[in-house]
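Everything in the sequence shown is counted per our numbering, starting at 109 for the first residue and increasing by one. No residue lacks a Cβ here, since even glycine has one placed at the ideal position from N, Cα and C. Note that the structure is predicted; figures quoted are calculated from it, not measured. What follows is a set of notes on a single structure, which appears directly below.
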Amino acid sequence: MMRSALPLFDGFIETPFEHRFQGLLRQAWHQRSWHVIVAEPGSGKTMGIGDLRDEACRQAGTIGGRRYPVLAVTAPKNDPREAALGNFLLSALGLSARGRWSERKYLLFELLMQYGVECLVIDDAHDLSMPHLIFLKELTDQLQLACSQTLGLCLVAAGRGASIPLKDVFDQPETMWMQFRRRLDRVHPYCRIASHTEAEVRGILLALERIYRSSFCELNLQQWTGSIYTWLTHPVLDPQKSGRVLMDHLMKLITTALEWSYAEAQKDVSPKHLEAAAEQLTLRRDVLYLVDAIERNEQDKDRHEEPPKVSPPK
Numbered sequence: 109m110m111r112s113a114l115p116l117f118d119g120f121i122e123t124p125f126e127h128r129f130q131g132l133l134r135q136a137w138h139q140r141s142w143h144v145i146v147a148e149p150g151s152g153k154t155m156g157i158g159d160l161r162d163e164a165c166r167q168a169g170t171i172g173g174r175r176y177p178v179l180a181v182t183a184p185k186n187d188p189r190e191a192a193l194g195n196f197l198l199s200a201l202g203l204s205a206r207g208r209w210s211e212r213k214y215l216l217f218e219l220l221m222q223y224g225v226e227c228l229v230i231d232d233a234h235d236l237s238m239p240h241l242i243f244l245k246e247l248t249d250q251l252q253l254a255c256s257q258t259l260g261l262c263l264v265a266a267g268r269g270a271s272i273p274l275k276d277v278f279d280q281p282e283t284m285w286m287q288f289r290r291r292l293d294r295v296h297p298y299c300r301i302a303s304h305t306e307a308e309v310r311g312i313l314l315a316l317e318r319i320y321r322s323s324f325c326e327l328n329l330q331q332w333t334g335s336i337y338t339w340l341t342h343p344v345l346d347p348q349k350s351g352r353v354l355m356d357h358l359m360k361l362i363t364t365a366l367e368w369s370y371a372e373a374q375k376d377v378s379p380k381h382l383e384a385a386a387e388q389l390t391l392r393r394d395v396l397y398l399v400d401a402i403e404r405n406e407q408d409k410d411r412h413e414e415p416p417k418v419s420p421p422k
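The structure is reproduced here in structure tokens:
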């Protein structure tokens, strides 16, 4: 009888990366500061933004209606119009994006005040167009002028190496970008959030042990910290040679090895499955797998093992 699949954890884990990342988001929220925040793809940026947004809403409570102290959206892709970003903001407030944009645009200014928005967080900010950025400046200008309300702003972008998304835009000499650049935080305008060290990987493995203890009574992931760190800093996964481990890679390796071990009713993760999962992420990540009907695959296997018989001509 085939065993049921391992119940996978898909919640938020407060990792050291998230401490660093959310710490900067909180600073922007409480001090109304502006930042461009960069981290590698797969670090956990979107999970961290969602967790902080939800926490801010819980803190605000429901007295007097809905409140969104931290309003978070993803930058529109392949739609450079300011209306695209405006519609995303309206949707994040739980409102309809129907009607003429020229009318809804000015309604949005009032809604941000009404819903108590104190900080805007734009995920995938590397996809923002010039009209999007100009609209953000206009939006914040209007709030400042109309009610002396200053918004914090975090432009969260994915990037690798030394490149800083959006910096080339803000470095332009036009007055518009000079004003935008002047509003960036004077101490931390551009920030890169580092991923995990080997010691931090150990702490995450301890957390995963607690999460999956109900499925593996003898689970001991920490003993494999050194090997896991070595595998996940392989040049394929760490081309910048940063010596840091991405949360996405760590979770893929661990959950794959745990699923394979669980299928065999193991009490602890199998070393062979850990190694195979690491190989899958590195040496075999570009392998193309043929997916076909089971019957067809079995027939092909039989043909390979037993060559067809050829009758002599009559």
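Nearest by alpha-carbon distance to L116: which of P124, E317, P149 is it?
For the purposes of this step, residue 116 is taken as residue 8 along the sequence shown, with counting starting at 1. Ranking P124, E317, P149 by Cα distance to L116 puts E317 first.
Answer with buried or exposed for V418, where buried requires no fewer than 16 other C-beta atoms within 10 angstroms of its C-beta.
Taking the sequence shown and counting its residues from 1, the one referred to as residue 418 is at position 310. Unreliable positioning characterises V418 in this predicted model, as indicated by a pLDDT of 49, which lies under 50. The coordinate reading is nonetheless provided below. With fewer than 16 Cβ atoms within 10 Å of its Cβ, V418 is classed as exposed.
Starting from the C-beta of D235, find all residues in its chain whose C-beta is less than 6 Å away, skip the five residues before and the five after it, and write them out in chain order.
Your numbering for residue 235 matches position 127 in the sequence shown. Taken in chain order, the residues that qualify are A183, K185.
Are the CB atoms of V146 and R393 within a distance shorter than 8 Å?
Stepping through the sequence shown from its first residue, residue 393 is reached at position 285. Stepping through the sequence shown from its first residue, residue 146 is reached at position 38. No, the Cβ-Cβ distance between R393 and V146 is not below 8 Å.
Quick check: what's the CA-CA separation for P281 versus S237?
Numbered from its first residue, the sequence shown carries residue 281 at position 173. Numbered from its first residue, the sequence shown carries residue 237 at position 129. Going from the Cα of P281 to the Cα of S237 covers about 18 Å.
State the beta-bridge partners of I336 as determined by DSSP.
If you number the sequence shown from 1, residue 336 lands on position 228. Paired residues: none, contrary to the question.
Report the residue from L193, I336, Y298 whose alpha carbon sits nearest the alpha carbon of H381.
For this step, residue 381 is matched to residue 273 along the sequence shown. When only C-alpha atoms are compared, the closest one is I336.
Please confirm if the segment 370-377 is in contact with the segment 341-357, defined as three or more CB-CB distances below 8 Å between the two stretches.
Counting Cβ pairs under 8 Å, fewer than three are found: no touch.
With a threshold of 6 Å on Cβ separation, who are the neighbours of S369 within its own chain once the five nearest residues in sequence on each side are excluded?
On the sequence shown, residue 369 is found 261 positions in, with the first residue counted as 1. Around S369: V377, S378, H381.
Within this structure, are the beta carbons of L203 and L193 separated by less than 8 Å?
Locating residue 203 in the sequence shown gives position 95, counting from the first residue. Locating residue 193 in the sequence shown gives position 85, counting from the first residue. Their beta carbons are not under 8 Å apart, which means L203 does not touch L193 by this criterion.
Pick from S303, T364, W209, L274: whose alpha carbon is nearest that of A113?
Position 5 of the sequence shown holds residue 113. Of the listed residues, the one whose Cα sits closest to A113 is T364.
Once the 5 residues before and after K422 are set aside, which same chain residues still bring their CB inside 7 Å of it?
Locating residue 422 in the sequence shown gives position 314, counting from the first residue. Since pLDDT at K422 reaches only 49, below the 50 mark, its modelled position is unreliable, and no value is offered.
Return the chain-ordered list of same chain residues with a C-beta closer than 6 Å to the C-beta of R161, the five sequence neighbours on each side being excluded.
Counted from its first residue, the sequence shown places residue 161 at position 53. Only V178, A180 meet the Cβ criterion.
Assign R352 to buried or exposed, taking buried as 16 or more other Cβ atoms, counted over all protein chains shown, within 10 Å of its Cβ.
Looking up residue 352 in the sequence shown gives position 244. Buried: at least 16 other Cβ atoms inside 10 Å.
So, are the CB atoms of C227 and W285 less than 8 Å apart?
Against the sequence shown, residue 227 aligns to sequence position 119. Against the sequence shown, residue 285 aligns to sequence position 177. Not a contact, by the Cβ cut-off of 8 Å.
Going straight from the alpha carbon of A386 to that of G150, what length do you get?
Here residue 386 refers to the residue found at position 278 of the sequence shown. Here residue 150 refers to the residue found at position 42 of the sequence shown. Taking the straight line joining both Cα atoms gives about 17 Å.
Is there at least one Cβ from chain C nearer than 8 Å to P115's Cβ?
This model lacks chain C altogether; it includes just one protein chain.
With which residues is I157 paired in a DSSP beta bridge?
In the sequence shown, residue 157 corresponds to position 49, counting from 1. DSSP, once it has assigned bridges, lists no residue as partnering I157.
Just how far apart, CA to CA, sit T123 and H342?
Stepping through the sequence shown from its first residue, residue 123 is reached at position 15. Stepping through the sequence shown from its first residue, residue 342 is reached at position 234. Whole-angstrom Cα-Cα distance: 21 Å.
Answer yes if the segment 205-219 comes into contact with the segment 242-256, meaning at least three C-beta pairs across the two stretches below 8 Å, and no otherwise.
They touch, by the three-pair rule.
Going by DSSP in three states, I301 sits in which element: helix, strand or coil?
Counting from 1 along the sequence shown, the entry for residue 301 is found at position 193. Coil, per DSSP.
Which class does L396 belong to by DSSP, given the choice of helix, strand or coil?
Start at 1 with the first residue of the sequence shown, and residue 396 comes out as number 288. Correct three-state label for L396: coil.
State the CB to CB distance for the pair L313 and Y320, rounded to an integer number of angstroms; the pair is presumed to be in contact (CB under 8 Å).
Indexing the sequence shown from 1 puts residue 313 at position 205. Indexing the sequence shown from 1 puts residue 320 at position 212. So it is not a contact: roughly 11 Å between Cβ atoms.
At what residues does the beta strand (DSSP E) containing L259 begin and finish?
Working through the sequence shown from its first residue, we reach residue 259 at position 151. Segment: none, L259 is in no beta strand (DSSP E) and carries neither H nor E.
In whole angstroms, what is the alpha-carbon distance linking L201 and D187?
Residue numbering aside, residue 201 sits at position 93 when the sequence shown is read from its first letter. Residue numbering aside, residue 187 sits at position 79 when the sequence shown is read from its first letter. Straight-line Cα distance between these residues: approximately 20 Å.
Express the C-alpha separation of T283 and I444 in angstroms, rounding to a whole number.
Missing from the structure shown is residue 444; the chain here goes from 109 to 422 and no further.
Short check: CB of I157 to CB of V264, under 8 Å?
Locating residue 157 in the sequence shown gives position 49, counting from the first residue. Locating residue 264 in the sequence shown gives position 156, counting from the first residue. The answer is yes: Cβ separation under 8 Å.
Quick one: grab the DSSP three-state call for H342.
For the purposes of this step, residue 342 is taken as the residue at position 234 of the sequence shown. Note: H342 maps to coil in three-state DSSP.
Tell whether a beta-carbon distance below 8 Å holds between H143 and D293.
Counted from its first residue, the sequence shown places residue 143 at position 35. Counted from its first residue, the sequence shown places residue 293 at position 185. Cβ atoms of H143 and D293: closer than 8 Å.
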